[in-house]
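See below for the structure under consideration.
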Amino acid sequence: MTYEQDDTLSDSKYILKNNNIIKFTGEKSIGIQVFAPGSPSRVEVSNTNNSSITLGGIESYGMKWSSRVADNSTMDNSGTLKISGDAGAKLLPNGTAQIRDSLSSGIAVIEDSSSGSGSSAIRAYNGKVTNNGVINVSGGKGNTGMVLVVNAADDITNTSNGTINVNSAAGRQNIAMRVDKGSVPTDAPGTPKAINGGNIYLDGDSSIGIVGTNADVKNTGNIETTTSKTIINGIGMATRGGVLENSGTINLKGSGVSSNIGVYMVKGTSNPSGTFIIGTDYKTFMLYLSKLTINQDVDLNNTTDAYNHLEIANSSITNAANKTMTGIQPNDVAMAQENNKSLYARNKVTLANEGNINLSGTTSTGIYAKFGELHNRATGVITIANKSTAMYGIGDSLLENAGKITVGTNSIAMYSEGSTTQAMKNNGTIELPQTDSVAMSYKPDSTLSSGTVLENAGNIQLTGDKNTAIYAAGTPAYTAKNSGTITLTNSATINNPNVGLYATNKVATLENTGI
Numbered sequence: 001m002t003y004e005q006d007d008t009l010s011d012s013k014y015i016l017k018n019n020n021i022i023k024f025t026g027e028k029s030i031g032i033q034v035f036a037p038g039s040p041s042r043v044e045v046s047n048t049n050n051s052s053i054t055l056g057g058i059e060s061y062g063m064k065w066s067s068r069v070a071d072n073s074t075m076d077n078s079g080t081l082k083i084s085g086d087a088g089a090k091l092l093p094n095g096t097a098q099i100r101d102s103l104s105s106g107i108a109v110i111e112d113s114s115s116g117s118g119s120s121a122i123r124a125y126n127g128k129v130t131n132n133g134v135i136n137v138s139g140g141k142g143n144t145g146m147v148l149v150v151n152a153a154d155d156i157t158n159t160s161n162g163t164i165n166v167n168s169a170a171g172r173q174n175i176a177m178r179v180d181k182g183s184v185p186t187d188a189p190g191t192p193k194a195i196n197g198g199n200i201y202l203d204g205d206s207s208i209g210i211v212g213t214n215a216d217v218k219n220t221g222n223i224e225t226t227t228s229k230t231i232i233n234g235i236g237m238a239t240r241g242g243v244l245e246n247s248g249t250i251n252l253k254g255s256g257v258s259s260n261i262g263v264y265m266v267k268g269t270s271n272p273s274g275t276f277i278i279g280t281d282y283k284t285f286m287l288y289l290s291k292l293t294i295n296q297d298v299d300l301n302n303t304t305d306a307y308n309h310l311e312i313a314n315s316s317i318t319n320a321a322n323k324t325m326t327g328i329q330p331n332d333v334a335m336a337q338e339n340n341k342s343l344y345a346r347n348k349v350t351l352a353n354e355g356n357i358n359l360s361g362t363t364s365t366g367i368y369a370k371f372g373e374l375h376n377r378a379t380g381v382i383t384i385a386n387k388s389t390a391m392y393g394i395g396d397s398l399l400e401n402a403g404k405i406t407v408g409t410n411s412i413a414m415y416s417e418g419s420t421t422q423a424m425k426n427n428g429t430i431e432l433p434q435t436d437s438v439a440m441s442y443k444p445d446s447t448l449s450s451g452t453v454l455e456n457a458g459n460i461q462l463t464g465d466k467n468t469a470i471y472a473a474g475t476p477a478y479t480a481k482n483s484g485t486i487t488l489t490n491s492a493t494i495n496n497p498n499v500g501l502y503a504t505n506k507v508a509t510l511e512n513t514g515i
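81 is the number that the working numbering gives to position 81 of the sequence shown; each next residue is one higher, with no gaps.
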């Protein structure tokens, strides 16, 4: 439907219905479109039962509102929509092929400033744009089953009767449902939402169930791997800067070489709720520039533990008070994150233990960060076994202990390497009851800022043999200071003494103003 002349009648209704077959293979094709900027009337757009719309070209749409319609309008698919446009690849100067976006969609409501803004802006409203049939998405890159881009609290819905099947090739990220918050002003600005109450089936490589950008995503239905198939690098739900709700089921079955993710959240995501995710070879959440609080006990060696199904990058993690992270195998790591120093501030990666970390396997690590902040809070307790490190910071990380750390043989409570501006400080208690261990070990970069102070202001207890409270290494000048208490008990032999302050750095200053 296109605009011919003004329609000012309040009860006008236009019906655009496909009862048979529509098929286009060329680019920029549309099965059913409403484009009447001067006439925002009531419109009913439908692809009915046993009917089909097939589009094989790029930037094509099965059904689309391209201008404002009345708020009692509807657009529904109860038949079958097939989207498979493929834009191919572009050869880059270095000889590699870059896959082009194809960006076709089964059902679309996308803002367009040329169609008007404010009360003339394109809208989807609530519960008006629905899929009650089948949408098949394949081919190309960035093709979608349903897409909504508006600056309003509108939605698109895959209903309980709806099914969206998505297949992707490696790196092509076809999507069942996509929602973005637009920039064109509307008469009711807000956050749009994509809702799945039906079934979304994913297979191939890099397929995505629901994705939002500054928009909300909600799943009350099922997001699963296509029956008898597996998926690689699949994502059930993803959002950047919106609210994520899942009270349905996400079940992604991998191939054994997959990195599947149930829910992917990045900076600005809030209120992830109700996640019920099953399957194999998957990650339930991927967090990027996010904050995670661990509010339940964690078994690092249990493959079904929720924490072990998280993919976390450049984010902050807190183990909450009274919660325990336990590991009994060698090489266990309770928390670990690396930060991009050239892009983000140090505190974008803040790892904090307010509860308990118990690692009884050898060569384990309690908390590790690169260019981050590591904190064992006043309520925090870290206990590690032999040849392990409780707090391990590199790349100019900040380390502070206000709680309690106990280590085994050949272990280190606090270790810092490569610092250019940061030292580390103990305000809590560190216990070394075994042998050949170090409470605080510091090896800064040669460019370390002048005036840096490595300090124990708390309590370090050396009750074993050949232990060292403060170990000063590296080459730059700095001060290693004890202003707290270091307790040295008698060693078994005179040849294996405990040592309060020890330096291999010839220009480091050792200072004791404590006990």
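From the three backbone atoms N, C-alpha and C, an ideal C-beta is built for every residue, glycine too.
Answer with buried or exposed for Ser73, where buried requires no fewer than 16 other C-beta atoms within 10 angstroms of its C-beta. By the 16-neighbour rule on beta-carbons within 10 angstroms, Ser73 is buried.
Segment limits, beta strand (DSSP E) that includes Glu245: Val243 to Asn246 is the span of the beta strand (DSSP E), which, as asked, contains Glu245.
Contact check, Asn467 vs Ser441 under 8 Å by CB: the rounded distance? In this structure Asn467 is not in contact with Ser441, their Cβ atoms being roughly 12 Å apart against a cut-off of 8 Å.
Determine whether the beta carbon atoms of Pro93 and Val150 lie at a separation below 9 Å. No, the Cβ-Cβ distance between Pro93 and Val150 is not below 9 Å.
Whole-angstrom C-beta distance between Asp154 and Ala124, which should lie under 8 Å: About 4 Å separates the beta carbon of Ala124 from that of Asp154, a gap short enough to meet the 8 Å contact definition.
From the DSSP output, read off the bridge partner residues of Asn401. In the DSSP output, where bridge partners are listed per residue, Asn401 has Asn376 and Asn426.
Can you list, in chain order, the residues of its chain whose CB lies under 7 Å from that of Gly198, leaving out five sequence neighbours each side? Only Asn158, Thr159, Ser160, Asn161, Gly162, Thr163 and Gly221 meet the Cβ criterion.
Pick from Thr447, Asn426 and Gly500 that is closest to Asp465, judged by C-alpha positions: The option with the nearest alpha carbon to Asp465 is Gly500.
Would you mind listing the alpha helix (DSSP H) stretches within the region 277-359 that are 4+ residues and don't spill past its ends, in chain order? Scanning the region 277-359 from its first residue to its last, no whole alpha helix (DSSP H) run of 4-plus residues comes out.
Going by the DSSP bridge assignment, what does Leu148 pair with across the sheet? Paired residues: Val109 and Val179.
Using CA atoms only, rank isn't needed, just tell me which of Ala352, Leu432, Gly403 and Ser207 is closest to Leu292. Minimum Cα distance to Leu292 is reached at Ala352.
In three-state terms, what does DSSP make of Tyr502? Of the three classes helix, strand and coil, the one that applies to Tyr502 here is strand, per DSSP.
Would Lys64 and Ala108 be called neighbours here (beta carbons separated by less than 9 Å)? Going by C-beta atoms, Lys64 is nearer than 9 Å to Ala108.
Assumed close pair Ala469, Ala508 - CB separation to whole angstroms, cut-off 8 Å: In this structure Ala469 does not touch Ala508 by the C-beta definition: roughly 15 Å separates them, more than the 8 Å allowed.
Using the C-alpha atoms, what's the distance from Met424 back to Leu510? If you take the alpha carbons of Leu510 and Met424, they lie about 15 Å apart.
What separation, rounded to the nearest whole angstrom, lies between the Cα atoms of Ser273 and Ile250? The pLDDT assigned to Ser273 is 49, lower than 50, so where the model puts this residue is not dependable, and the model offers no usable value.
Output needed for Asn20: all residues of its chain with C-beta closer than 7 Å, excluding positions within five of it in sequence on either side, in chain order. Taken in chain order, the residues that qualify are Ser51.
CB-CB length for Ile53 against Ile15, believed under 8 Å: Not a contact, Cβ separation roughly 16 Å.
My understanding is that Asn143 touches Ser207, with C-beta atoms under 8 Å, so please give their C-beta distance in whole angstroms. In fact, because the Cβ distance is near 10 Å, the residues do not count as touching under 8 Å.
Who are Gly42's beta bridge partners in DSSP? The sequence given here has Arg at residue 42, not Gly. BP columns for Arg42 point to Lys13.
Helix, strand or coil: how does DSSP classify Ser66 here? Note: Ser66 maps to coil in three-state DSSP.
Alpha carbon to alpha carbon, how far is Asn233 from Asp205? Give it in angstroms, no decimals. Approximately 6 Å, taken between the alpha carbons.
Which of helix, strand or coil DSSP assigns to Ser437: In the structure shown, Ser437 sits in coil (DSSP, three-state: anything other than H, G, I, E or B).
Under 8 Å by Cβ, that's how I've got Pro330 and Thr363 pegged, so tell me the actual separation to the nearest angstrom. In this structure Pro330 touches Thr363 by the C-beta definition: roughly 5 Å separates them, less than 8 Å.
Val243: which of Val179, Ala188 and Asp203 sits nearest, CA to CA? With distances taken between CA atoms, Val243 lies nearest to Val179 out of Val179, Ala188 and Asp203.
Can you give me the start and stop residues for the beta strand (DSSP E) that Lys193 sits inside? It spans Lys193 to Asn196 - the beta strand (DSSP E) in which Lys193 sits, taken as one unbroken run.
Starting from the Cα of Leu374, find the closest Cα among Lys128, Asn214 and Gly395 and give me that residue. Per the Cα distances, Gly395.
What would DSSP say about Ser416, mapped onto helix, strand or coil? Note: Ser416 maps to strand in three-state DSSP.
For Gln434, count neighbouring Cβ atoms within 10 angstroms of its own Cβ and tell me buried if that reaches 16, exposed if not. Label assigned to Gln434: buried.
Pull up the distance between the alpha-carbon of Lys13 and that of Ser138, whole angstroms please. So the alpha carbons of these two residues sit roughly 34 Å apart.
Judging by CA-CA distance, which residue of Ala334, Ile328 and Thr326 is the nearest neighbour of Ile317? Nearest option by C-alpha distance: Ala334.
Inter-residue Cα distance where the pair is Pro497 and Gly241: Cα to Cα, the separation comes out at about 56 Å.
If contacts are defined as beta-carbon pairs under 8 Å, then Asn174 and Gly133 qualify, I think. What distance do you get, rounded to the angstrom? Not quite, the Cβ-Cβ distance comes to about 18 Å (not below 8 Å), so this is no contact.
Thinking Ser117 and Pro185 are a contact (beta carbons under 8 Å), I'd like their distance in whole angstroms, please. Correct: roughly 5 Å between the Cβ atoms.
Just curious, the beta strand (DSSP E) that Leu488 is in, first and last residue? Taken as a continuous stretch (DSSP letters only), the beta strand (DSSP E) holding Leu488 covers Thr485 to Leu488.
Tell me the rounded alpha-carbon separation between Thr324 and Ala402. Taking C-alpha positions only, Thr324 is separated from Ala402 by approximately 17 Å.
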